[in-house]
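Chains as they are written, first to last, in my numbering: chain Y, 424 to 537; chain H, -5 to 108.
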């Protein structure tokens, strides 16, 4: 157990809908990362937050947004869902957001868009 | 931005044999290269990493080598065991589009046959 929690574990929804994925980092970690894992693309970095502020963006679609709250938990919002958004979404956390520090991954949320 | 290519995509070895997974990267400014292991149905976990100021790093049966001139790095697992069976991801630090975050390869599925 990495100490990072994600809810829900599974999510099944329809095209065009909007969902929210939630992540709680390890105690004391200030930085949160979101990744998308699909079968053919491996792990794709989406976005990073540090102490409530956006620090870096990767290949995140405009239909997706995220935020980190004062208690440091983070939410990833996915809207106007398409079939291709079906994937495993991981959240990871690290102590200070520096790339050299290990990222601890949560168990993931499996999103299925029908 | 950074691009990471990983080979092979699948690798099958006999227990006790060695396994080698290779990655190439495109950005000569990259200076940090971690390897993550993801067992079936579980979260990715860091197993070893290397910075660009060293050429090799070992941790028991696992070693990583880095060739900065050729822009490639490799994971070596010796005396493989069935519990080494997993998907292995290499990654490189991206100074471009991801503002210093990690770009992952597409993964190598390693199967160790008893």
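The beta-carbon is built from N, C-alpha and C at its ideal position, and this holds for glycine as well.
With contacts defined by Cβ atoms closer than 8 Å, residue 453 of chain Y and residue 499 of chain Y do not form a contacting pair.
For residue 530 of chain Y, the residues of chain H that pass the 7 Å Cβ criterion are 37, in the order they occur in the chain.
The DSSP-derived three-state label of residue 28 of chain H is strand.
Contact between the segment 436 to 443 of chain Y and the segment 494 to 508 of chain Y is present: three or more C-beta pairs spanning the two stretches fall below 8 Å. The beta carbon of residue 19 of chain H sits no closer than 8 Å to any beta carbon of chain Y. At a cut-off of 8 Å between beta-carbon atoms, residue 95 of chain H makes contact with chain Y. In the three-state reduction of the DSSP assignment, residue 53 of chain H falls in the strand class. DSSP places residue 428 of chain Y inside the beta strand (DSSP E), whose first and last residues are 428 to 430.
Interface annotation, residue 507 of chain Y: not in contact with chain H, CB-CB separation never under 8 Å. Here residue 452 of chain Y carries a coil assignment [DSSP, helix/strand/coil]. Look at residue 498 of chain Y here: in three-state DSSP terms it is strand.
For the set Y/457, Y/486, Y/532, Y/467, the Cα lying nearest the Cα of residue 473 of chain Y is the one of Y/457. The alpha-carbon separation between residue 465 of chain Y and residue 494 of chain Y amounts to approximately 30 Å. Using a CB distance cut-off of 8 Å, residue 27 of chain H does not count as an interface residue toward chain Y. Close to chain Y, meaning a Cβ-Cβ distance shorter than 8 Å, are the following residues of the segment 65 to 83 of chain H: 83.
The beta carbon of residue 526 of chain Y sits closer than 8 Å to the beta carbons of 456, 515, 516, 517 from its chain, once the five residues preceding and following it are set aside; these are given in chain order. Cβ atoms of residue 80 of chain H and residue 104 of chain H come within 8 Å of each other, at about 6 Å.
Using a Cβ distance threshold of 8 Å, residue 107 of chain H and residue 33 of chain H do not count as a contacting pair. Counting the other CB atoms within 10 Å of its CB gives residue 2 of chain H a total below 16, which places it among the exposed residues. Look at residue 479 of chain Y: its C-beta is under 8 Å from a C-beta on chain H. Proximity of residue 487 of chain Y to chain H, defined by a Cβ-Cβ separation below 8 Å, is not satisfied. Taking CB atoms only, residue 465 of chain Y has a neighbour in chain H less than 8 Å away. Residue 55 of chain H is classed as exposed because its beta carbon has fewer than 16 other beta carbons within 10 Å across all chains shown.
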